[in-house]
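Chemist:
2 protein chains.
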Amino acid sequence: MALKFESSDLSKTKSATDIVFDALRRAIVLGDLEQGAALRQEEIAGAFNVSRIPVREAISRLEQIGLVETRRHRGAFVTDLSVSEIEEIFRLRALVESDAIRHAVPHMTSAVLAAAEAAHQAFARATAPADWIGENRRFHCTLYSAGGQRLYVGVIDTLLNLSDRHLRAQLSLGEAHSKAVAEHAELLLACRAGDAELAATLTLRHVEGAKRSLLGG
Amino acid sequence: MALKFESSDLSKTKSATDIVFDALRRAIVLGDLEQGAALRQEEIAGAFNVSRIPVREAISRLEQIGLVETRRHRGAFVTDLSVSEIEEIFRLRALVESDAIRHAVPHMTSAVLAAAEAAHQAFARATAPADWIGENRRFHCTLYSAGGQRLYVGVIDTLLNLSDRHLRAQLSLGEAHSKAVAEHAELLLACRAGDAELAATLTLRHVEGAKRSLLGG
DNA sequence: ATATTGGCTATTGGATCCAATTTGTATCGT
DNA sequence: ACGATACAAATTGGATCCAATAGCCAATAT
């Protein structure tokens with residue numbers, strides 16, 4: 001008998017470390033844990049009903065991607081980003097994301113475009129900040145992943161983990177959300193048209209606009 | 001009485017996890033551990049005279065930066081990069097490194113240039129592959145770090161960790177080494193002249209040349 | 001009053017021990 | 001001989017336990 005697997009069936013069961021890592025990452029990215037907050041191993045272990053071992057591995061991984069800093073025998077603390085570091089992140093994002101979509105456009109199938117469209121609409125409908133951030137990332141990364149560019153998406157993911165925290169405050173005030181929706185629609189159009197250069201330019205402007213609305217100037 | 005501290009005194013003592021992480025990272029980057037090789041926790045723990053705990057944290061961090069892949073209850077294995085992934089890495093390197101130096105040139109003090117010059121000469125003199133790789137990275141990263149661009153250097157470090165492995169075979173054959181030395185000298189000249197655009201162009205060509213000499217075409 | 005010093009406590013770093021799972025292998029029935 | 005199944009070995013995942021250390025606070029000397 002031949003078996004058919006849903007893609008979700010292929011997902012190996014996650015280890016405790018993975019679960020803790022993902023929860024902490026999300027908490028930091030969404031701003032639930034604010035800058036400088038201490039991550040107490042025992043406390044976290046208790047919250048997840050596990051021992052400190054998987055917690056320590058999770059923190060180790062968070063440190064590796066720059067979300068927390070640890071001081072020996074003192075503990076781990078949510079990284080406090082300076083203004084110049086935030087500028088650097090956005091400069092990198094503009095550079096890498098625009099190039100990522102440039103290379104992705106030629107590989108965009110109708111399935112990819114449909115998935116992006118779905119994320120786009122979900123983002124437009126979203127009201128909670130956590131949903132904004134999640135759907136926004138899903139929209140962009142769906143497009144970037146079109147050609148299976150794992151490295152690009154990996155770098156971008158790391159950068160987004162560092163900068164999404166600020167997106168929350170940003171989208172909460174003013175018409176930033178509807179502006180983003182409009183820009184996404186425009187970007188999607190360029191992708192459908194197969195215009196890689198236009199898509200790259202729009203992405204560049206999109207990221208630079210986010211940077212300006214956050215830092216001014 | 002006033003005391004003066006050397007900067008080396010401020011370096012915090014490294015934990016066992018850090019030591020194991022660094023040693024494994026180096027072993028993979030230098031190619032001592034070849035693609036697909038298994039990282040046995042017990043074996044590594046024995047080699048460093050520590051328990052498996054710091055080994056597991058080190059492996060966790062290695063996985064985070066893409067140097068190893070782990071399969072549940074099977075173990076961790078040195079990541080096997082496909083040709084398309086290698087192409088992606090070099091494309092990203094060319095993009096990010098050229099922009100990094102573009103932004104770094106205006107901040108290059110004579111101290112930075114002197115440090116780069118020292119690394120340049122050490123690279124020229126080096127004969128062992130491990131030294132080539134180390135001094136080569138030191139040369140480039142010294143320049144990239146001029147403006148204190150930690151994020152750029154972080155991303156570049158991650159990419160170099162993935163691609164340096166191939167540099168070894170590359171420099172071993174032919175006149176690749178002397179070609180690199182010449183290109184470094186030229187790059188250093190552009191930096192001294194404060195010509196950011198030229199430095200960026202030279203870096204772009206330098207990386208693309210490395211890619212071609214590795215993958216052909 | 002202030003600087004110094006000697007414990008005390010909270011918290012992390014690391015070791016040892018146990019459980020879960022994968023995989024190879026031998027056995028058994030046909 | 002061949003496939004299915006039960007068992008054994010190797011290895012990782014996680015829990016519990018002990019050691020080391022940074023920071024705090026009181027006690028003390030000047």
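Note that the protein sequences, when read in sequence, are chains A and B. Be aware that the first sequence starts at 1, since it is given in the UniProt record's numbering, and climbs by one per residue. Be aware that the second sequence starts at 1, since it is given in the UniProt record's numbering, and climbs by one per residue. Glycine included, every Cβ here is placed at the ideal spot set by N, Cα and C.
#1: According to DSSP, simplified to helix, strand and coil, what is residue 7/A?
#2: Going along chain B in order, which residues have a C-beta closer than 9 Å to the C-beta of residue 144/A?
#3: Quick check: what's the CA-CA separation for residue 56/A versus residue 74/B?
#4: State the DSSP-derived secondary structure class of residue 37/A, mapped to helix, strand or coil.
#5: If you count every other CB in all the chains shown that lies within 10 Å of the CB of residue 111/A, and 16 or more means buried, which is it?
#6: Exposed or buried, what is residue 161/B when buried is set at 16 or more other beta-carbons lying within 10 Å of its beta-carbon?
#7: In whole angstroms, what is the alpha-carbon distance linking residue 195/B and residue 23/A?
#8: Can at least three beta-carbon pairs, one atom from the segment 75 to 85 of chain A and one from the segment 35 to 45 of chain A, be found at a separation below 8 Å?
#9: At a Cβ threshold of 8 Å, is residue 15/B touching chain A?
#10: Let me know if residue 105/B comes out buried or exposed under the rule of 16 or more other beta-carbons within 10 Å of its beta-carbon.
#11: Going by DSSP, name the residue or residues bridged to residue 71/B.
#12: Are the beta-carbon atoms of residue 199/A and residue 102/A separated by less than 8 Å?
#13: Pick out whichever of 186/A, 63/A, 208/A has its Cα sitting closest to the Cα of residue 97/A.
#14: From residue 5/A to residue 210/A, what does the alpha carbon distance come to, in whole angstroms?
#15: With 8 Å set as the bound, which would you pick, yes or no: does the beta-carbon of residue 64/B sit closer than that to a beta-carbon of chain A?
#16: Buried or exposed: which applies to residue 83/A, given that a residue is buried once 16 or more other Cβ atoms fall within 10 Å of its Cβ?
#17: Just the C-alpha distance for residue 68/A and residue 19/B, rounded to the nearest angstrom, thanks.
#18: Restricting to Cα atoms, I'd like to know which of 215/B, 197/B, 203/B, 142/B is closest to residue 166/B.
#19: Tell me where the alpha helix (DSSP H) around residue 66/A begins and ends.
#20: In chain B, which residues lie less than 8 Å from residue 154/A when you measure between Cβ atoms?
#21: Helix, strand or coil, according to DSSP, for residue 195/B in the structure here?
#22: Helix, strand or coil for residue 121/A? Go by DSSP, reduced to three states.
#23: To the nearest angstrom, report how far apart residue 80/B and residue 87/B are at their CA atoms.
#24: Just the chain A side, please: which residues come within less than 8 Å of residue 88/B by C-beta, in chain order?
#25: Nearest CA to the CA of residue 14/A: which residue from 58/A, 46/A, 31/A, 30/A?
#26: Evaluate residue 163/B with the Cβ neighbour count: other Cβ atoms within 10 Å of its Cβ, from every protein chain shown; 16 or more gives buried, anything less gives exposed.
#27: Measuring only the C-alpha atoms, how far is residue 28/A from residue 34/A?
#28: Using a beta-carbon distance below 8 Å, is residue 60/B in contact with chain A?
#29: Check the C-beta distance from residue 158/A over to residue 60/B and give it rounded, since I have them as a contact under 8 Å.
#30: Report buried or exposed for residue 131/B, applying the criterion of at least 16 other Cβ atoms within 10 angstroms of its Cβ.
#31: Please go through the same chain and pick out, in chain order, the residues whose beta-carbon is closer than 7 Å to the beta-carbon of residue 9/A, but skip the five residues on each side of it.
#32: Taking the beta carbon of residue 135/B as the centre, do at least 16 other beta carbons fall within 10 Å, making it buried, or is it exposed?
#33: Which same chain residues, not among the five before or five after residue 144/A, have their C-beta less than 8 Å away from its C-beta?
Modeler: The relevant details are as follows:
#1: Numbered from 1 along the first sequence, position 7 holds the residue referred to as residue 7/A. Low confidence applies here, because residue 7/A scores a pLDDT of 32, under 50, leaving its location unreliable and the question unanswered by this model.
#2: Position 144 of the first sequence, counted from the start, is the residue given in the question as residue 144/A. In chain order: nothing, as chain B lies at least about 12 Å away.
#3: Counting from one through the first sequence, the residue named residue 56/A turns up at place 56. Counting from one through the second sequence, the residue named residue 74/B turns up at place 74. Rounded to the nearest angstrom, the two C-alpha atoms are 21 Å apart.
#4: Counting from 1 along the first sequence, the entry for residue 37/A is found at position 37. Looking at residue 37/A - three-state DSSP - the assignment turns out to be coil, as it is neither helix nor strand.
#5: Here residue 111/A corresponds to residue number 111 of the first sequence, with the count starting at 1. By the neighbour-count rule (16 or more Cβ atoms within 10 Å), residue 111/A is not buried but exposed.
#6: Taking the first residue of the second sequence as 1, we reach residue 161/B at position 161. Flag for residue 161/B reads buried.
#7: Position 195 of the second sequence, counted from the start, is the residue given in the question as residue 195/B. Position 23 of the first sequence, counted from the start, is the residue given in the question as residue 23/A. Their Cα atoms are separated by approximately 46 Å.
#8: The segment 75 to 85 of chain A makes contact with the segment 35 to 45 of chain A, as at least three CB pairs between them are under 8 Å.
#9: As a working mapping, residue 15/B is identified with position 15 in the second sequence. Chain A contact via Cβ: present.
#10: Here residue 105/B refers to the residue found at position 105 when the second sequence is read from its first residue. Buried, by the Cβ-count rule.
#11: By 1-based counting over the second sequence, the position of residue 71/B is 71. DSSP lists 75/B as partners of residue 71/B.
#12: Working through the first sequence from its first residue, we reach residue 199/A at position 199. Working through the first sequence from its first residue, we reach residue 102/A at position 102. Yes.
#13: Reading the first sequence from its first residue, position 97 is the one you call residue 97/A. Checked all of 186/A, 63/A, 208/A; the closest Cα to residue 97/A is 208/A.
#14: The residue given as residue 5/A occupies position 5 in the first sequence. The residue given as residue 210/A occupies position 210 in the first sequence. Below a pLDDT of 50, predicted positions are generally treated as unreliable, and residue 5/A, at 30, falls in that range; the measurement from the model is reported next regardless. The alpha-carbon atoms of residue 5/A and residue 210/A are separated by roughly 41 Å.
#15: Within the second sequence, numbered from 1, the residue matching residue 64/B stands at position 64. Yes - at least one Cβ of chain A is within 8 Å of the one on residue 64/B.
#16: The count along the first sequence starts at 1 and reaches residue 83/A at position 83. Exposed: under 16 other Cβ atoms inside 10 Å.
#17: The sequence position of residue 68/A within the first sequence is 68, counting from 1. The sequence position of residue 19/B within the second sequence is 19, counting from 1. Approximately 19 Å, taken between the alpha carbons.
#18: Here residue 166/B refers to the residue found at position 166 of the second sequence. Nearest of 215/B, 197/B, 203/B, 142/B to residue 166/B, Cα basis: 215/B.
#19: Residue mapping note: residue 66/A aligns to position 66 of the first sequence, counting from 1. No alpha helix (DSSP H) holds residue 66/A; DSSP gives it neither H nor E.
#20: In the first sequence, counting from the first residue as 1, residue 154/A sits at position 154. What residue 154/A touches in chain B: 66.
#21: On the second sequence, residue 195/B is found 195 positions in, with the first residue counted as 1. The answer is coil: DSSP assigns residue 195/B none of H, G, I, E or B.
#22: To locate residue 121/A, count along the first sequence from 1; it is residue 121. Residue state, collapsed to three classes: helix.
#23: Indexing the second sequence from 1 puts residue 80/B at position 80. Indexing the second sequence from 1 puts residue 87/B at position 87. Rounded to the nearest angstrom, the two C-alpha atoms are 14 Å apart.
#24: Stepping through the second sequence from its first residue, residue 88/B is reached at position 88. Neighbours of residue 88/B on chain A, chain order: 149, 150, 151, 152.
#25: Taking the first sequence and counting its residues from 1, one reaches residue 14/A at position 14. Checking every option, the nearest Cα to that of residue 14/A belongs to 58/A.
#26: Counting from one through the second sequence, the residue named residue 163/B turns up at place 163. Looking at its Cβ environment, which holds 16 or more other Cβ atoms inside 10 Å, residue 163/B is buried.
#27: Along the first sequence, read from residue 1 onward, the residue named residue 28/A stands at position 28. Along the first sequence, read from residue 1 onward, the residue named residue 34/A stands at position 34. Roughly 7 Å between the two C-alpha positions.
#28: Counting from 1 along the second sequence, the entry for residue 60/B is found at position 60. For residue 60/B, the answer is yes, since a Cβ of chain A falls inside 8 Å of its Cβ.
#29: Translated into positions along the first sequence, residue 158/A becomes position 158. Translated into positions along the second sequence, residue 60/B becomes position 60. The pair is not a contact, with the Cβ atoms about 16 Å apart (cut-off 8 Å).
#30: One-based indexing of the second sequence puts residue 131/B at position 131. Per the 10 Å Cβ criterion, exposed.
#31: What you label residue 9/A is simply residue 9 of the first sequence in a count that begins at 1. Confidence is the limiting factor: at residue 9/A the pLDDT is only 37, short of 50, which leaves the residue's position unreliable and the question unanswerable from this model.
#32: Looking up residue 135/B in the second sequence gives position 135. Buried: at least 16 other Cβ atoms inside 10 Å.
#33: Stepping through the first sequence from its first residue, residue 144/A is reached at position 144. Result list for residue 144/A: 97, 100, 101, 104, 152, 153, 156, in chain order.
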